[in-house]
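Inspection log for the structure reproduced underneath, given as structure tokens.
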Amino acid sequence: MEVRPLHPVFAAELIGADLTNAPDSALVDLVEQAMAQYGVLAIRGAEITDEQQKAFSRAFGPLEIPSRAKDAAPRPQGRRVITPGIFYAGNLDHNGEIIPYGDDAAKLAKGAERFHTDSSFHLMPTKWSLLHGVETPPPSAGGDTWFTDARAAYDDLPQAMKDRIEGLIGVHDFWEGRRRAGLQGEITPQEKRIIPFPEVEHPLVRSVNGSGPNGRKCLYVGGHCIGIKGWGEAEGRELVEELYAHATQEKYIYRHQWKRWDLVIWDNRCTMHAATPLLSDAYRRDMRRTTINESGPETSALEWMIRQGLIAA
Ligand code: OGA
Ligand code: MN
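What follows is the structure, encoded as structure tokens:
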């Protein structure tokens with residue numbers, strides 16, 4: 013097996029790994045090491061099933077179960093539900109038909125076009141996401157995923173800014189994040205009921221736990237981060253947007269162009285990512301994500317918040 017860098021700053025490709033069996037300790041160690049160094053790791057040709065993807069993911073942490081699974085009883089026009097434990101990120105509905113880009117059923121997913129870290133609107137200790145391209149559009153049709161390195165972005169900040177932001181707490185909010193990502197119109201009570209997340213707080217500057225180069229600090233300002241705890245709204249928004257703009261500069265971006273059976277792993281703690289639009293409704297893009305946490309039981313963020321008494325059952 014070999015790890016080959018894909019970008020001057022971060023991101024690499026792992027070549028020669030077999031993901032069809034549960035990974036042995038050599039593969040687990042290699043992936044942990046590569047992730048600690050590169051933050052994003054692409055594995056091409058991972059022709060595996062959802063169950064194999066889950067088994068591989070679980071070798072690195074407990075799965076975060078998608079929160080809406082229990083509410084997602086067949087809504088034929090809604091996005092597909094695959095199997096418990098898989099978050100659907102593709103453009104197919106329950107019947108396997110393409111949901112047009114402009115369709116109402118796709119409107120929430122567009123929030124992913126703003127750079128974000130998965131699940132930062134949750135309390136759970138998010139670790140990685142693993143996104144699998146089961147069907148992918150041709151390269152010219154859009155649908156690439158962009159990644160930024162929030163460690164390099166932190167390193168490059170002027171010392172005065174590092175001093176200014178040390179110890180600040182970011183406020184993360186799902187719906188306000190969606191609004192800032194361009195969500196139009198009213199959020200319906202039904203939508204609020206299905207996704208009832210309150211604001212949560214995370215350090216604005218954090219580091220990834222664990223060994224090696226990952227004592228590195230990073231900016232935690234993905235798209236759900238809307239302000240700073242204890243600051244006025246305008247002030248907080250201004251700082252968050254300044255840091256976001258800094259961290260999403262061209263020089264920090266790796267663009268992943270998908271091929272069928274790619275599995276791309278990213279560290280949600282120290283990278284951000286953004287979907288890009290599909291340029292045509294003619295193509296199927298069937299993308300399936302597992303998300304893992306650093307620790308904790310395998311449960312959904314919703315169940316976890318209910319258990320923590322943050323929202324009513
Ligand atoms: C995700 C995500 C981007 C994409 O699955 O978390 O943001 O390009 N996906 O599908
Ligand atoms: Mn995402």
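Read the sequence shown against this note's numbering and you will find it ends at 325, with the numbers running on by one and no gaps. Glycine included, each C-beta is placed from N, C-alpha and C at the ideal position. Bear in mind that the values here come from a model prediction, so they are computed numbers and not experimental data.
Start-to-end residues for the alpha helix (DSSP H) that takes in residue i
| i | result |
| --- | --- |
| A167 | The amino acid at residue 167 is misidentified as Ala; the sequence shows Asp. Counting along the chain, the alpha helix (DSSP H) containing D167 begins and ends at A162 to D167. |
| L251 | E245 to A259 |
| Y50 | S37 to Y50 |
| D279 | Premise fails: D279 lies in the beta strand (DSSP E), L275 to D279, not in any alpha helix (DSSP H). |
Residue range of the unbroken beta strand (DSSP E) whose run includes residue i
| i | result |
| --- | --- |
| K66 | Per DSSP, K66 belongs to no beta strand (DSSP E); it is in the alpha helix (DSSP H), D62 to R70. |
| M284 | T283 to A287 |
| D175 | Where D175 is concerned, there is no enclosing beta strand (DSSP E), although the alpha helix (DSSP H) it sits in stretches over Q171 to I177. |
| E76 | Looking at the DSSP string, E76 is not in any beta strand (DSSP E), and its letter there is neither H nor E. |
| L143 | T138 to E147 |
| A24 | A24 to I27 |
| G182 | I181 to H184 |
| R300 | D298 to N305 |
Whole-angstrom C-beta distance between residue j and residue i, which should lie under 8 Å
| i | j | result |
| --- | --- | --- |
| W273 | G145 | 6 Å |
| L18 | Y266 | 6 Å |
| L216 | I177 | 6 Å |
| L290 | G154 | 5 Å |
| L120 | E310 | In fact, because the Cβ distance is near 24 Å, the residues do not count as touching under 8 Å. |
Cβ-Cβ distance between residue i and residue j below 8 Å
| i | j | result |
| --- | --- | --- |
| M136 | W316 | yes |
| E250 | A193 | no |
| A71 | A34 | yes |
| Y166 | L231 | yes |
| I323 | P208 | yes |
| L104 | I111 | yes |
| A313 | S152 | no |
| E306 | K66 | no |
| T54 | H268 | Per the sequence shown, residue 54 should be read as Ala rather than Thr. Yes, they are a contact pair. |
| G248 | G239 | yes |
Backbone secondary structure at residue i - three-state DSSP
| i | result |
| --- | --- |
| S219 | strand |
| E109 | coil |
| I240 | strand |
| P201 | helix |
| G123 | helix |
| G114 | coil |
| G224 | Legend: pLDDT at G224 = 45, less than 50; position of this residue unreliable, value from coordinates given subsequently. G224: helix per DSSP, three-state reduction. |
| S152 | helix |
| T311 | coil |
| Y232 | coil |
| Y100 | strand |
| E262 | helix |
Given 8 Å, three or more beta-carbon pairs between the segment 266-284 and the segment 155-163:
Judged by Cβ distances under 8 Å, the segment 266-284 makes contact with the segment 155-163, as three or more pairs qualify.
(message) When you compare the segment 36-56 with the segment 254-265, are there three or more beta-carbon pairs, one atom per stretch, that lie closer than 8 Å?
(response) Proximity of the segment 36-56 to the segment 254-265 falls short of the contact definition, fewer than three beta-carbon pairs being nearer than 8 Å.
inquiry  = Between the segment 200-216 and the segment 179-186, can you find at least three pairs of beta-carbon atoms closer than 8 Å?
reply    = Flag = yes, the segment 179-186 and the segment 200-216 touch.
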